[in-house]
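K.L.:
If you're matching positions, the sequence shown starts at 6 in the numbering used here and goes up one per residue. Virtual Cβ for every residue (Gly too), placed ideally from N, Cα, C. What you are looking at is a predicted structure, and each value in this text was computed from that prediction instead of being measured. The following block contains the structure, expressed as structure tokens.
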Amino acid sequence: MLDVLVIGGGNAALCAALVAAEAGAKVMLLESSAREERGGNSIHTRNIRCMHDEPQDVLTEAYPEDEYFEDLLRVTKGITNEALARMVIRQSSNCRSWMRHHGVRFQPSLGGTLHLSRTNAFFLGGGKALVNAYYRSAERLGIQIRYQSPVVGLECKGKRIVAALIGEPGAADRDDVSADWPVRERIEAKSIVIASGGFESNIPWLTEAWGEAAANFRIRGCRFNRGRVLRQLIDAGAQAIGDPTQCHAVAIDARAPLYDGGIVTRVDCVSLGIVVNTAGERFYDEGEDFWPKRYAIWGRLVAKQAGQLAWSVIDSQAHGRFMPPVFPGEEAQSLPELARKMNVPVEPFMKTVENYNAAVVPGHFDHAVLDDCHTQGLTPAKTHWALRLEKPPYRAYPLRPGITFTYLGVKVDEDAKVLGFDNVYAAGEIMAGNVLGQGYVAGIGMTIGTIFGRIAGEQAASHASRDHASS
Ligand SMILES: Cc1cc2nc3c(=O)[nH]c(=O)nc-3n(C[C@H](O)[C@H](O)[C@H](O)COP(=O)(O)OP(=O)(O)OC[C@H]3O[C@@H](n4cnc5c(N)ncnc54)[C@H](O)[C@@H]3O)c2cc1C
């Protein structure tokens, strides 16, 4: 019999599988996708957030444990398990040598990603290179990797999961998580690690929280995280954690594909111009705070607009000041011409721009600080970086909500063990809610997945060897 069965094929699953195999366990990994699409949302990542008390290879200065924890407290507003969070933070200081050992390479932070050189280590070649390195290492260690093997059921005996049930490859695209699905194969193992992500790819499930608006959402990551195993685990008695109605969503280009648009579809010029809905009206302060601190609220803001569509409008003063998105904007020499290209009614749009331009109080524009360029007497205000829209060519980018991940998961302890079970461990997005109850701090998804993945692998292997000794 297998010692450790790992469900999922992204960062957390791979970390668990590698550590379990290093401990001498016989390991199999089940990935929903075909080989060419393996790696889940982890292939879209760029960096991992790590604590350090002094400069370390690609990381500058220091990022001590308490500062990291304070950052987490601020975004989660205290919805975190301090013991688990501090454990993750501490272990993030030394995980990179293990990652390097398995072929991951790092590079200094990319230009245009504000303030991250101190806190985040960037993967050379991005998450795709990281995932490929881990798969190569897994093959070398003799881990059995099964692609197109979506788990559709978990077989429980008391407090143990004794087997996972694999469905047909097409089950990977099914959304009806509570229905019975055909089973192709049953695989037994002494310990199970579950690292199958959240349910962000499941639009009908998202509809339960967001209503019909969810039909207009785009999924920034893979199409495989439908939440089938998460649902099975909760139905089998695991304690849920994280708000099922919440998700992390940013404003992405409306022309992005339904799945896998990744980082290049994010539109980063919002704070440099104005954003209007399809009626040509502004609806929120575009300059409220630095963009890295605000981009995650714009998915939700756009979700509330009619048709879940909005436009980010800039003039030539903004060109070259932001990371260009993958799709070119609509361009025009005049604002009415731009409105026609956006299919937004010209008159209300022109009124919005005129009111905005009239309200701008000239100041000293500086995108690197919270500058004094703001509006006066305008609702909603634009509190920083407000410049009149007056220098053609004008550009507009269509925006839709792009979901990064959901928060619902299962409760675990410091051994990554799923509460209520004897032989079940969880890692990555499926348990991230223990640490990240809400909000987001860039790079922590990979920190949680890496640290809990390694713990889950170690504990699952050790459980299997105890099981072996007692049988
Ligand atoms: C565009 C984008 C950019 C991001 N950038 C960053 C970043 O730079 N840094 C950072 O820390 N985080 C980032 N994140 C978040 C990050 O992707 C996640 O936190 C992280 O990848 C989660 O890892 P995971 O292993 O839990 O899940 P995933 O990598 O999503 O893996 C889940 C795996 O489970 C498989 N699976 C699902 N259901 C089943 C099933 N029923 N049976 C078998 N297998 C199944 C999937 O195919 C997949 O392989 C980003 C996310 C996106 C979408």
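Leaving out five residues before and five after N137 in sequence, what residues of the same chain have Cβ atoms less than 7 angstroms from its Cβ?
P.N.:
No residues qualify anywhere along the chain.
K.L.:
Specify, as a first and last residue, the run of the alpha helix (DSSP H) that F100 falls within.
P.N.:
Checking the displayed sequence, the identity of residue 100 turns out to be Cys instead of Phe. Segment C100 to H106, the alpha helix (DSSP H) holding C100.
K.L.:
From the DSSP secondary-structure annotation, give me the bridge partner or partners of S196.
P.N.:
Paired residues: V9.
K.L.:
Going by DSSP, what residue range makes up the beta strand (DSSP E) through R54?
P.N.:
Note, R54: beta strand (DSSP E), N52 to R54.
K.L.:
Can you determine whether any heavy atom of ligand 1 sits closer than 7 angstroms to the C-beta of T409, and answer yes or no?
P.N.:
Checking the Cβ of T409 against ligand 1 gives yes.
K.L.:
With H, G and I counted as helix, E and B as strand and the rest as coil, what does DSSP make of S37?
P.N.:
Coil.
K.L.:
In whole angstroms, what is the alpha-carbon distance linking E205 and G368?
P.N.:
About 42 angstroms.
K.L.:
Among residues of its own chain, excluding the 5 on either side of G312, which ones have a beta-carbon nearer than 8 angstroms to its beta-carbon?
P.N.:
Hits under 8 angstroms: N221 and T283.
K.L.:
DSSP state of D187, grouped into three classes?
P.N.:
The identity of residue 187 in the sequence shown is Pro, whereas the question assumes Asp. Residue state, collapsed to three classes: coil.
K.L.:
Between the segment 410-430 and the segment 237-255, do at least 3 Cβ pairs fall closer than 8 angstroms?
P.N.:
As far as the Cβ criterion goes, the segment 410-430 touches the segment 237-255, which means the pair count is three or higher.
K.L.:
Which whole-angstrom value describes the C-beta separation of V401 and S317, a residue pair presumed to lie in contact below a C-beta threshold of 8 angstroms?
P.N.:
Note that residue 401 is Ala in the sequence shown, not Val. A401 to S317, Cβ: 7 angstroms. Contact.
K.L.:
Under a three-way DSSP split, which group does V440 fall into?
P.N.:
The answer is coil: DSSP assigns V440 none of H, G, I, E or B.
K.L.:
Going by C-alpha distance, which of G163, K164, A315 and N52 is nearest G407?
P.N.:
Answer by Cα proximity: A315.
K.L.:
Should P341 go down as buried or exposed, given a rule of 16 or more other Cβ atoms within 10 Å for buried?
P.N.:
Looking at its Cβ environment, which holds fewer than 16 other Cβ atoms inside 10 Å, P341 is exposed.
K.L.:
Any heavy atom of ligand 1 closer than 7 angstroms to the beta-carbon of H434?
P.N.:
For the record, residue 434 in the displayed sequence is Glu; it is not His. Checking every heavy atom of ligand 1 against the Cβ of E434, one is found closer than 7 angstroms.
K.L.:
Kindly give me the distance between the Cβ atoms of V9 and A194, rounded to whole angstroms, as I take these residues to be in contact under 8 angstroms.
P.N.:
Going by Cβ atoms, the distance from V9 to A194 rounds to 6 angstroms, so yes, they are a contact pair.
K.L.:
Note down the Cα distance separating V349 from R305, rounded to an integer number of angstroms.
P.N.:
Their Cα atoms are separated by approximately 21 angstroms.
K.L.:
Which value, in whole angstroms, describes the spacing of the CA atoms of H107 and F74?
P.N.:
Each residue's alpha carbon lies about 28 angstroms from the other.
K.L.:
Tell me whether T124, by its Cβ, gets closer than 7 angstroms to a heavy atom of ligand 1.
P.N.:
It does not: the Cβ of T124 is nowhere closer than 7 angstroms to a heavy atom of ligand 1.
K.L.:
Quick one: residues in its chain with C-beta nearer than 7 angstroms to the C-beta of I224, no 5 flanking neighbours on either side, listed in chain order?
P.N.:
Closer than 7 angstroms at the Cβ level, and outside the excluded window around I224, lie E205, S206, L263, Y264 and I408.
K.L.:
For a quick check, are the C-beta atoms of R54 and S122 less than 8 angstroms apart?
P.N.:
No. Outside cutoff.
K.L.:
If we count Cβ pairs, one from each stretch, closer than 8 angstroms, do we get three or more for the segment 229-241 versus the segment 280-298?
P.N.:
Short answer: they don't touch.
K.L.:
Thinking just about the alpha-carbon of each residue, which of P397, A176, G266 and K164 is nearest to the one in E336?
P.N.:
Checking every option, the nearest Cα to that of E336 belongs to P397.
K.L.:
For T118, which of helix, strand or coil comes out of DSSP?
P.N.:
Confidence at T118 is low in this model, with a pLDDT of 48, below 50, so its placement is unreliable and no value can be given for it.
K.L.:
Among D62, P403 and D71, which one has its Cα closest to the Cα of R110?
P.N.:
The shortest Cα separation from R110 among D62, P403 and D71 belongs to D62.
K.L.:
Considering only their Cβ atoms, is the gap separating G14 from R51 smaller than 8 angstroms?
P.N.:
No, the Cβ-Cβ distance between R51 and G14 is not below 8 angstroms.
K.L.:
Measure the Cβ-Cβ separation of T388 and G292 and say whether it is below 8 angstroms.
P.N.:
Going by C-beta atoms, T388 is nearer than 8 angstroms to G292.
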